[in-house]
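Protein chains: 4
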Amino acid sequence: MLFVCEQANNMRVDAEMGAAGAQKRPGAEAEPDVAIRRRRTQAERRAEAESRVLAATAELVAEKGIDGVTLAEAGERAGYSRGLAGHYFRSKDELLAAMAEAIHDEFNLQRRERLRGTAGLARLMATIDASFARTSVGMVKMRAYIAVLMGAAHKPALAEAVATFNRDSATEFGRVIASAIEAGEIRPDIDARTQALILSAALRGIMAQWVLDPAGVDLARIRTEFMGLVSRSLAQPRS
Amino acid sequence: MLFVCEQANNMRVDAEMGAAGAQKRPGAEAEPDVAIRRRRTQAERRAEAESRVLAATAELVAEKGIDGVTLAEAGERAGYSRGLAGHYFRSKDELLAAMAEAIHDEFNLQRRERLRGTAGLARLMATIDASFARTSVGMVKMRAYIAVLMGAAHKPALAEAVATFNRDSATEFGRVIASAIEAGEIRPDIDARTQALILSAALRGIMAQWVLDPAGVDLARIRTEFMGLVSRSLAQPRS
Amino acid sequence: MLFVCEQANNMRVDAEMGAAGAQKRPGAEAEPDVAIRRRRTQAERRAEAESRVLAATAELVAEKGIDGVTLAEAGERAGYSRGLAGHYFRSKDELLAAMAEAIHDEFNLQRRERLRGTAGLARLMATIDASFARTSVGMVKMRAYIAVLMGAAHKPALAEAVATFNRDSATEFGRVIASAIEAGEIRPDIDARTQALILSAALRGIMAQWVLDPAGVDLARIRTEFMGLVSRSLAQPRS
Amino acid sequence: MLFVCEQANNMRVDAEMGAAGAQKRPGAEAEPDVAIRRRRTQAERRAEAESRVLAATAELVAEKGIDGVTLAEAGERAGYSRGLAGHYFRSKDELLAAMAEAIHDEFNLQRRERLRGTAGLARLMATIDASFARTSVGMVKMRAYIAVLMGAAHKPALAEAVATFNRDSATEFGRVIASAIEAGEIRPDIDARTQALILSAALRGIMAQWVLDPAGVDLARIRTEFMGLVSRSLAQPRS
DNA sequence: AATGAATGAGACTTCATTCAT
DNA sequence: TATGAATGAAGTCTCATTCAT
Chain D
5 MLFVCEQANN MRVDAEMGAA GAQKRPGAEA EPDVAIRRRR TQAERRAEAE
55 SRVLAATAEL VAEKGIDGVT LAEAGERAGY SRGLAGHYFR SKDELLAAMA
105 EAIHDEFNLQ RRERLRGTAG LARLMATIDA SFARTSVGMV KMRAYIAVLM
155 GAAHKPALAE AVATFNRDSA TEFGRVIASA IEAGEIRPDI DARTQALILS
205 AALRGIMAQW VLDPAGVDLA RIRTEFMGLV SRSLAQPRS
Chain H
5 MLFVCEQANN MRVDAEMGAA GAQKRPGAEA EPDVAIRRRR TQAERRAEAE
55 SRVLAATAEL VAEKGIDGVT LAEAGERAGY SRGLAGHYFR SKDELLAAMA
105 EAIHDEFNLQ RRERLRGTAG LARLMATIDA SFARTSVGMV KMRAYIAVLM
155 GAAHKPALAE AVATFNRDSA TEFGRVIASA IEAGEIRPDI DARTQALILS
205 AALRGIMAQW VLDPAGVDLA RIRTEFMGLV SRSLAQPRS
Chain S
5 MLFVCEQANN MRVDAEMGAA GAQKRPGAEA EPDVAIRRRR TQAERRAEAE
55 SRVLAATAEL VAEKGIDGVT LAEAGERAGY SRGLAGHYFR SKDELLAAMA
105 EAIHDEFNLQ RRERLRGTAG LARLMATIDA SFARTSVGMV KMRAYIAVLM
155 GAAHKPALAE AVATFNRDSA TEFGRVIASA IEAGEIRPDI DARTQALILS
205 AALRGIMAQW VLDPAGVDLA RIRTEFMGLV SRSLAQPRS
Chain P
5 MLFVCEQANN MRVDAEMGAA GAQKRPGAEA EPDVAIRRRR TQAERRAEAE
55 SRVLAATAEL VAEKGIDGVT LAEAGERAGY SRGLAGHYFR SKDELLAAMA
105 EAIHDEFNLQ RRERLRGTAG LARLMATIDA SFARTSVGMV KMRAYIAVLM
155 GAAHKPALAE AVATFNRDSA TEFGRVIASA IEAGEIRPDI DARTQALILS
205 AALRGIMAQW VLDPAGVDLA RIRTEFMGLV SRSLAQPRS
């Protein structure tokens, strides 16, 4: 099971190639093609290995929690050696931060696709729907995501990443709500920023509850009821 | 099992002197009575020491997370020896479970007091309000509480306790909503059980967000908006 | 093979007992004798174990150098578990620092005994002689000592200890030379401080050479020649 | 094998450009000549790269000690890749041995220049002076030199090199002293070989002390006092 | 020739747990 | 009962070394 998240990995690859380009070593000028092809291949191998390690890390986080992961197991689960994860990410914190970013990027990608072409209240609903839709990719990523969110309380390396998530999420919701208010589709007597935070936090709480007890949480029903709750609560009342 | 003292760091000496004071109360009496009183004193000491250890554990969980706690530090933070926590609770898992129970008991006590004499929609609102009110005791317990909730995903010892929390919370909310529906104060076209789960999870999500970023979360405002959101959404519409 | 160095270990023991005394635990007042005897026994065991670990560390340093020592091996060589050295000294740096101090203390003790009742030029000669005499306790300690001295260049934890050694050595030599000058036994046209540094450093260089190549260094002959060299060089010329 | 460049951190680009400049010297010629020139260029590049790696290694040894050096860092510090040092020298031991030899060669070169045209006691003094003069090239090489000397105790790869150093140094001093005795400039009642060892070891001890604590060691003053000490001690007394 | 990807061994360090006092 | 001594397992991290490109 691999991460798609081409952004995160490509960025890494780009960085490497950039560095390699700047550091042209002697003897490479004669056969630039060969050199470039060689490096690309190395870089690709590395990118794929990193991707696999991140995916394996997510699995392990989902299974054992943030503190249950070990660098060695992440490497092995990815099909490599015990030392590889440490070799790439230097420390457990960095590994976790990279994993968090990868998941976040993937979620963002999904959300953007779902929101394409929506606006106003419909866009807000689509945003909420996208949160529930994430669960369709399976519980592993969601468990890892939730674990990262909570782990931020004690791991500075994660706190940074999570702060970004929060900013992104809050501004996204806030913008949508504000524009729906302007469009007259959402009642103007609410505070967009506060509502955004409430919705974001509530969705996370629901997802957390789901990953903790999938059998006890009927997610489809919750999705329906939650969206009804929100629309009844925020929709502009008919005058 | 409740926390007795808010400040876990009181010098142990104080505790001893308190106990000594209690011991010297009356005059001299017959043998059996002395034995009984002595035993009571021992039991009291033990209870107080346990209580302090649990409070210290909660502090440490709040600071460092479930996995950051160590038995030795729990004992020391409580003002006792490195070995005491292990001596009382045998293992780290049992210590954590006991701590979780203690926090839950305390929260329950608070809630019951707040709900006394309410009914229907008002009782639902009071229940929600009680959740926010918990935060007034400070962030330490709430952080520990959230940590326990999330830790349940990977620690069987906690899973049991958290399952109880969930049952309690869901039934409490569910009962209140159902009775409010019966009373005609809440619209009947919602599913009480699902709404209960949503509210419970949403509140937890909000609390989690708060403990993660207290400065970024205006809890008072959220309380107002959230209660408005709920009442608009659930209240029986005027026909 | 144990360190004698009662000072270092006693200090540790005292500290522990002092702490224990201050931290009187409840229930201990009734049988102070038992309590004290218990603690003393524990403390003694601990002191002996520490002493053995330090001696084992010195052996290992002599064999493999500062960086070749491992905490685990120090514990095992001392006849305990792999974890003990780490348990006592927390870190490799602290272990090495403690070992350095122990050796220094032992050397100081020896020197003081040898100097008892000497003065003037004779005292200077006795000081030099004491340096050579150290070698009689075997090469292990001397190798470890030299290793510590040089290791100070890269290990802050050792640098501190070695700075003390240097101060001690320089002031000792300096005082002796200065008083011999006053007594008219050493020519006054030399700088006592500089000569002290030269003698101290030269002796260390000789010892280093010896531990590096014991077969190639005839220490007895060097002792004679060196003392002749110094006395010819420093003695007050007959007018 | 000598160090070519004092500043190891010159950009590699400079080296390349220098080589390129050398390559463009004359005009176009016949095939074989071109081949030869090319090969010479390759060899030169290699020699320069090795030299830089060795210089970088000396820097790192000076900073972090023998065990603190890593192959990767040696390559990078020299301005090349992480793999180069390992590629050239196969193993860390060989790298260190090569570095030791390079430093020794450089020191020997300096000494020979200083001794040119001296004889007898003056030559002995010049030899001593040369030791102090080494310090003028900066502390880096001297620190590395001392580190190598001490490292020989535990690293077979260095032991061989250091044995050579010792032989060279002892024979050099021994020869000079013996010839000065023959010339009647040094008293005949000393043992040349032993004195040689003493002087050599003493100088090393002084240098070690200096690199450990440059601020606390007034090298100029020590040089003066030490040479005075030696000349007073060894010079043939006027009959 | 040169780079850097990958491995695996080993050290430090931290604790839960057991046990002696 | 309470303390803390001692063990040993595990995890993080760092590198020397090998190997593919």
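Chains as they are written, first to last, in the numbering used here: chain D, 5 to 243; chain H, 5 to 243; chain S, 5 to 243; chain P, 5 to 243.
For each residue, glycine too, the CB sits at the ideal point set by N, CA and C.
None of the values given here were measured: they were computed from a predicted structure.
Assumed close pair Gly72 (chain D), His158 (chain H) - CB separation to whole angstroms, cut-off 8 Å: Reading the first sequence from its first residue, position 68 is the one you call residue 72 (chain D). Reading the second sequence from its first residue, position 154 is the one you call residue 158 (chain H). Contact holds; Cβ gap of about 6 Å.
DSSP on Thr226 (chain D), reduced to helix/strand/coil? Locating residue 226 (chain D) in the first sequence gives position 222, counting from the first residue. In the sequence on display, residue 226 (chain D) carries Ile and not Thr. If DSSP states are grouped into helix, strand and coil, Ile226 (chain D) belongs with the helices.
Start and end of the alpha helix (DSSP H) containing His158 (chain D)? In the first sequence, residue 158 (chain D) corresponds to position 154, counting from 1. Here His158 (chain D) belongs to no alpha helix (DSSP H), and DSSP marks it neither H nor E.
Can you tell me where the alpha helix (DSSP H) holding Tyr92 (chain H) begins and where it ends? Position 88 of the second sequence, counting from 1, holds the residue named residue 92 (chain H). Segment Leu88 to Phe93, the alpha helix (DSSP H) holding Tyr92 (chain H).
Please work out which residues of its chain come closer than 7 Å, Cβ to Cβ, to Met146 (chain D), disregarding the five sequence neighbours upstream and downstream, and give them in chain order. As a working mapping, residue 146 (chain D) is identified with position 142 in the first sequence. Cβ within range, chain order: Arg138, Thr139, Met211 and Val215.
Is the region 176–186 of chain D touching the region 91–109 of chain D in the sense that three or more CB pairs, one from each, lie closer than 8 Å? No, they do not touch.
Expected contact under 8 Å - CB spacing of Gly124 (chain H) and Glu189 (chain H) to nearest Å: Reading the second sequence from its first residue, position 120 is the one you call residue 124 (chain H). Reading the second sequence from its first residue, position 185 is the one you call residue 189 (chain H). Taking a contact as a CB-CB distance under 8 Å, the pair Gly124 (chain H) and Glu189 (chain H) counts as one, their CB atoms being some 5 Å apart.
Determine, using beta carbons only, whether Ala151 (chain S) and Val57 (chain S) come nearer to each other than 7 Å. Position 147 of the third sequence, counted from the first residue, corresponds to residue 151 (chain S). Position 53 of the third sequence, counted from the first residue, corresponds to residue 57 (chain S). Judged by beta-carbon spacing, Val57 (chain S) lies beyond the 7 Å limit of Ala151 (chain S), meaning their Cβ atoms are not closer than that value.
Run of the alpha helix (DSSP H) containing Glu98 (chain H), from where it starts to where it stops: Along the second sequence, one-based indexing puts residue 98 (chain H) at 94. Note, Glu98 (chain H): alpha helix (DSSP H), Lys96 to Leu119.
Cutoff 7 Å: Glu98 (chain H) Cβ touching any chain D Cβ: The residue you call residue 98 (chain H) lines up with position 94 of the second sequence. In terms of beta-carbon proximity, Glu98 (chain H) stays away from the interface with chain D, with every pair separated by 7 Å or more.
Going by DSSP, name the residue or residues bridged to Ile190 (chain D). In the first sequence, counting from the first residue as 1, residue 190 (chain D) sits at position 186. Answer is D:Ala239, bridged to Ile190 (chain D).
6 Å Cβ shell around Gln213 (chain P) - same chain, five flanking residues per side excluded: On the fourth sequence, residue 213 (chain P) is found 209 positions in, with the first residue counted as 1. Around Gln213 (chain P), the same chain offers Val221 as residues with beta carbons nearer than 6 Å, after the five sequence neighbours per side are excluded.
So the alpha helix (DSSP H) Ser204 (chain H) belongs to, where does it begin and stop? Position 200 of the second sequence, counting from 1, holds the residue named residue 204 (chain H). In the DSSP assignment, Ser204 (chain H) falls within the unbroken alpha helix (DSSP H) covering Ala196 to Leu216.
Is Val166 (chain H) helix, strand or coil by DSSP? For this step, residue 166 (chain H) is matched to residue 162 along the second sequence. In the three-state reduction of the DSSP assignment, Val166 (chain H) falls in the helix class, which pools H, G and I.
Can you say whether Glu105 (chain D) is buried or exposed, counting buried as having 16 or more other CB atoms within 10 angstroms of its CB? Residue mapping note: residue 105 (chain D) aligns to position 101 of the first sequence, counting from 1. Glu105 (chain D) is buried by the Cβ-count criterion.
Listed from N- to C-terminal order along the chain, which residues in the region 191–202 of chain D have their beta-carbon within a distance smaller than 7 Å of any beta-carbon of chain H? Cβ contacts with chain H: Ile194, Asp195, Thr198, Gln199, Leu201 and Ile202.
Taking all protein chains shown into account, decide if Gln199 (chain S) is buried (16 or more other Cβ within 10 angstroms of its Cβ) or exposed. Within the third sequence, numbered from 1, the residue matching residue 199 (chain S) stands at position 195. With 16 or more other Cβ atoms inside 10 Å of its own Cβ, Gln199 (chain S) counts as buried.
So is Arg29 (chain D) buried or exposed if we call it buried at 16+ other beta carbons inside 10 Å? As a working mapping, residue 29 (chain D) is identified with position 25 in the first sequence. Low confidence applies to Arg29 (chain D): its pLDDT is 41, below 50, so where it sits in the model is not reliable, and the reading given next is rough at best. Flag for Arg29 (chain D) reads exposed.
Ala101 (chain H) and Ala78 (chain H) - do their beta-carbons sit closer together than 7 Å? Reading the second sequence from its first residue, position 74 is the one you call residue 78 (chain H). Reading the second sequence from its first residue, position 97 is the one you call residue 101 (chain H). In this structure, Ala101 (chain H) does not lie closer than 7 Å to Ala78 (chain H) by Cβ.
Neighbourhood of Met143 (chain P) by C-beta distance below 6 Å, restricted to the same chain and skipping five residues each side: As a first step, residue 143 (chain P) is located in the fourth sequence; it is residue number 139 there, counting from the start. Residues of the same chain with a CB within less than 6 Å of the CB of Met143 (chain P), apart from the 5 flanking positions on each side, are Val215 in chain order.
Under 7 Å, Cβ to Cβ, is there at least one residue of chain S near Gly142 (chain P)? Taking the fourth sequence and counting its residues from 1, one reaches residue 142 (chain P) at position 138. No, because no Cβ of chain S sits closer than 7 Å to the Cβ of Gly142 (chain P).
Compute the distance between the beta-carbons of Ala165 (chain H) and Asp97 (chain H), then report whether it is under 7 Å. The residue given as residue 165 (chain H) occupies position 161 in the second sequence. The residue given as residue 97 (chain H) occupies position 93 in the second sequence. Taking a C-beta distance under 7 Å as the contact criterion, Ala165 (chain H) and Asp97 (chain H) do not qualify as a contact pair.
Spatial neighbours of Ser85 (chain H) in its chain, beta-carbon cut-off 6 Å, leaving aside the 5 residues before and after: Stepping through the second sequence from its first residue, residue 85 (chain H) is reached at position 81. Within the same chain, Ser85 (chain H) has close Cβ partners Gly79.
Among P:Gly69, P:Gly90, P:Pro218 and P:Leu238, which has the Cα closest to the Cα of Leu75 (chain P)? Residue 75 (chain P) sits at position 71 when you count from the first residue of the fourth sequence. Ranking P:Gly69, P:Gly90, P:Pro218 and P:Leu238 by Cα distance to Leu75 (chain P) puts P:Gly90 first.
Backbone secondary structure at Glu33 (chain D) - three-state DSSP: As a first step, residue 33 (chain D) must be located in the first sequence, where it is residue number 29. Unreliable positioning characterises Glu33 (chain D) in this predicted model, as indicated by a pLDDT of 40, which lies under 50. The coordinate reading is nonetheless provided below. Under the three-state reduction of DSSP output, Glu33 (chain D) falls in the coil class, being neither helix nor strand.
May I ask you to report which of helix, strand or coil DSSP gives Tyr84 (chain D)? Taking the first residue of the first sequence as 1, we reach residue 84 (chain D) at position 80. Coil.
Straight-line CA distance for Ala51 (chain S) to Phe136 (chain H)? Position 47 of the third sequence holds residue 51 (chain S). Position 132 of the second sequence holds residue 136 (chain H). Distance between the alpha carbons of Ala51 (chain S) and Phe136 (chain H) is about 54 Å.
Reference Ala53 (chain D); option with closest CA among D:Arg81, D:Ala148, D:Glu67 and D:Ala156: The sequence position of residue 53 (chain D) within the first sequence is 49, counting from 1. The candidate whose alpha carbon is nearest that of Ala53 (chain D) is D:Arg81.
Pick helix, strand or coil for Val221 (chain D), following the three-state DSSP scheme. For the purposes of this step, residue 221 (chain D) is taken as residue 217 along the first sequence, with counting starting at 1. Reduced to three states, the DSSP call for Val221 (chain D) is coil.
Is it the case that the Cβ atoms of Ala126 (chain D) and Leu119 (chain D) are separated by a distance below 7 Å? For the purposes of this step, residue 126 (chain D) is taken as the residue at position 122 of the first sequence. For the purposes of this step, residue 119 (chain D) is taken as the residue at position 115 of the first sequence. For the 7 Å CB-CB criterion, Ala126 (chain D) and Leu119 (chain D) do not form a contact.
So the alpha helix (DSSP H) Ile70 (chain D) belongs to, where does it begin and stop? Here residue 70 (chain D) corresponds to residue number 66 of the first sequence, with the count starting at 1. Counted as a single uninterrupted DSSP element, the stretch harbouring Ile70 (chain D) is not any alpha helix (DSSP H), since DSSP gives it neither H nor E.
Measuring CB to CB, does Leu201 (chain P) end up less than 7 Å from Ala167 (chain P)? Within the fourth sequence, numbered from 1, the residue matching residue 201 (chain P) stands at position 197. Within the fourth sequence, numbered from 1, the residue matching residue 167 (chain P) stands at position 163. No, they are not a contact pair.
Quick check on the DSSP output: the alpha helix (DSSP H) that includes Ser140 (chain P) runs from which residue to which? In the fourth sequence, residue 140 (chain P) corresponds to position 136, counting from 1. Taken as a continuous stretch (DSSP letters only), Ser140 (chain P) belongs to no alpha helix (DSSP H), as it is neither H nor E.
Where Ala60 (chain S) sits in the DSSP three-state scheme: One-based indexing of the third sequence puts residue 60 (chain S) at position 56. Shown here, Ala60 (chain S) sits in a helix according to DSSP, grouped into three states.
CB contact below 7 Å: Leu125 (chain S) versus chain P: Position 121 of the third sequence, counting from 1, holds the residue named residue 125 (chain S). So no, Leu125 (chain S) is outside the interface.
Helix, strand or coil for Thr45 (chain S)? Go by DSSP, reduced to three states. What you label residue 45 (chain S) is simply residue 41 of the third sequence in a count that begins at 1. In this structure, DSSP gives Thr45 (chain S) a helical state, which the three-state scheme calls helix.
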